[in-house]
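Inspection log for the structure reproduced underneath, given as structure tokens.
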Amino acid sequence: PDWSFWGWAEVNIKPWAKSLVAIEEGNKMTQWKHRVAYAYWRGNPYVAPTRRDLLRCNVSAQEDWNTRLYIQDWDRESREGFKNSNLENQCTHRYKIYIEGWAW
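Residue 325 in the working numbering sits at position 71 of the sequence shown, and the numbers go up by one each step.
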């Protein structure tokens, strides 16, 4: 998360205090041993070259690097009511990848 601002309602970014509570609750939904045993990342790969490089580590027909990487399409999220962008719903994998770029 980007802690430099208190929230951004237009793109479904809640104030940090509310986000923290929601993430803590989301974290309780799935026990560690039942989480997907892969590294997980969801974001915009077009804001930093390192993020585009990261996408080369996604599962393919030739390789499975034990990662699950997803491109965040903010235009689609906006049209669909931000159903896939809540941080509290991303506590389903054992490992969360953080990589430089613009994040929230």
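Just so it is clear, CB atoms sit at the ideal spot from N, CA and C, and this is done for glycine as well.
Pick from the options: whose alpha carbon is nearest that of residue i?
{"i": "H347", "options": "Q326, A271, G355, Y292", "result": "Y292"}
{"i": "W286", "options": "E354, C345, I353", "result": "C345"}
{"i": "T321", "options": "G335, Y349, S332", "result": "Y349"}
{"i": "T284", "options": "I353, N343, W270", "result": "N343"}
Starting from residue i, follow the alpha helix (DSSP H) in both directions and report where the run begins and ends.
{"i": "A263", "result": "Premise fails: A263 is in no alpha helix (DSSP H) and is neither H nor E."}
Would residue i and residue j qualify as a contact pair, given that the criterion is a beta-carbon distance under 8 Å?
{"i": "W328", "j": "L308", "result": "no"}
{"i": "P299", "j": "I325", "result": "yes"}
{"i": "N366", "j": "L323", "result": "Lying outside 255 to 358, the shown extent of the chain, residue 366 is not represented and no answer is given."}
{"i": "G335", "j": "G297", "result": "no"}
Could you give the residue range of the beta strand (DSSP E) that holds residue i?
{"i": "W295", "result": "290 to 297"}
Going by DSSP, what residues sit across from residue i in a beta bridge?
{"i": "Y324", "result": "R296"}
Margin query: Quick check: the stretch 298 to 310 against the stretch 274 to 290, are at least 3 beta-carbon pairs closer than 8 Å?
Written below: no
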